[in-house]
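Per this note's numbering, the sequence shown runs over residues 13 to 284.
The beta-carbon is built from N, C-alpha and C at its ideal position, and this holds for glycine as well.
The structure appears right after this line, and notes come after that.
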Amino acid sequence: MKTPHVFLMCPPEYFDVSYIINPWMHGNVRKIDNALAKQQWRALYDILTDHATVRLIHSQPGSPDMVFTANAGLVKERRVLVSRFRYPERQYEEPYFADWFLDRGYEVSLMPRDVPFEGAGDALYDRGAARLWLAYGHRSVLAAKEVIAGKLGGEVVALKLTDQRFYHLDTCFCPLDGGHLLYYPNAFDATSRATIERLVPASRRIAIGEEDALAFACNAVSVGARIVVNRATTAFVDALGRRGFEVVQTPLSEFMKAGGSAKCLTLRLDEP
Ligand code: ARG
């Protein structure tokens, strides 16, 4: 059954690991199996098109990480705040994403040049309350909070990431329908863990273990009752099953080598 969800994806035409900007990329420079990457991307695309609409942006030579559209920006209705990447290697992507939204009639805002903010990689809407969760510490900075509140409005709750392996919020935190929250508590500092515990009731929190966290099980795309991930343990599948979610696993090993998986490869465009 189709949901009303709409995602933006970018085909992995020029995908590669050609520089190192996160720990997952170490040892993986030029180690991508391109044919396998294309097959894995296509499998994710096929799963999503069964349940949602997928729009595409052209990939660009010289921007091997552009396939990770979660980092394009932060969308709210017909407005978008385009990312300002921390590392120059990914700043080339900014105008391509800005143009994609401009061409489709979005009201486009840019970040100040000195305020890194990596879009829906670090900013995720709660699915139970009117609140945006923003992470800082690795890629985005805390100062992005004021910019987001000013441009898009709404309550923004900041969380601090402390483990290099979980360098974007969407690698360790995933709000689910009904106000459920999938997350890996060890990726956050103590204050942020307390904030999460204060705002999300215990019955709605699904804290995952290290094995699932390292397989990027929090990097999940939720489409209706389906949760699409790279890989997950049976404990994870059971925990979500008890809450009425069905876990769909689709291997994304080639993208893991760049530090991304299912959720990073998508940007949800239907954000109310
Ligand atoms: N190699 C990319 C980077 O380090 C991976 C981005 C993954 N995206 C995400 N939303 N977590 O920027």
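Report yes if the C-beta of residue i is less than 8 Å from at least one heavy atom of the ligand ARG; otherwise report no.
i: Cys276; result: yes
i: Tyr99; result: yes
i: Ala132; result: yes
i: Asn46; result: no
i: Asp182; result: yes
i: Arg238; result: no
i: Ile69; result: no
i: Ala229; result: no
i: Arg102; result: yes
i: Arg42; result: no
Go through its chain and collect everything with a Cβ distance to residue i's Cβ below 7 Å, but skip five positions before and after it.
i: Ala141; result: Gly191
Give me, in chain order, the residues of the same chain whose beta-carbon lies closer than 6 Å to that of residue i; leave out the 5 immediate sequence neighbours on both sides.
i: Gly253; result: none
i: Ser234; result: Leu188
i: Leu279; result: Leu20, Thr81, Ala82, Ala84, Ala132
Quick check: what's the CA-CA separation for residue i versus residue j?
i: Ala47; j: Gly272; result: 17 Å
i: Asp182; j: Tyr31; result: 21 Å
i: Ala296; j: Leu264; result: Lying outside 13 to 284, the shown extent of the chain, residue 296 is not represented and no answer is given.
i: Asp250; j: Glu119; result: 42 Å
i: Cys22; j: Leu68; result: 5 Å
i: Gly74; j: Asn40; result: 17 Å
Looking only at its own chain, which residues have a Cβ that is under 8 Å from the Cβ of residue i, when we skip the five neighbours before and after it?
i: Ala219; result: Tyr195, Tyr196, Pro197
i: Ser286; result: Past the edges of the chain, shown from 13 to 284, lies residue 286, and the structure says nothing about it.
i: Val260; result: Ile59, Arg238, Ile239, Val240, Val241
Could you name the residues that DSSP lists as bridge partners for residue i?
i: Phe185; result: Tyr195
i: Lys88; result: Arg91
Worksheet item: Which residue spans inside the region 103 to 178 form an unbroken beta strand (DSSP E) run of at least 3?
Response: As far as the region 103 to 178 is concerned, its whole beta strand (DSSP E) runs of at least 3 residues are 119 to 122, 135 to 137, 144 to 148, 168 to 172.
Discussion item. Quick check for students: name the residue ranges of the alpha helix (DSSP H) that lie wholly in the region 20 to 84, counting only runs of 4 or more.
Written reply: Listed in chain order, they are 46 to 63.
Worksheet item: What residue ranges within the region 219 to 271 form continuous alpha helix (DSSP H) runs of no fewer than 4 residues, ordered along the chain?
Response: For the region 219 to 271, whole alpha helix (DSSP H) runs of length 4 or above, ordered along the chain, are 222 to 226, 246 to 254, 265 to 268.
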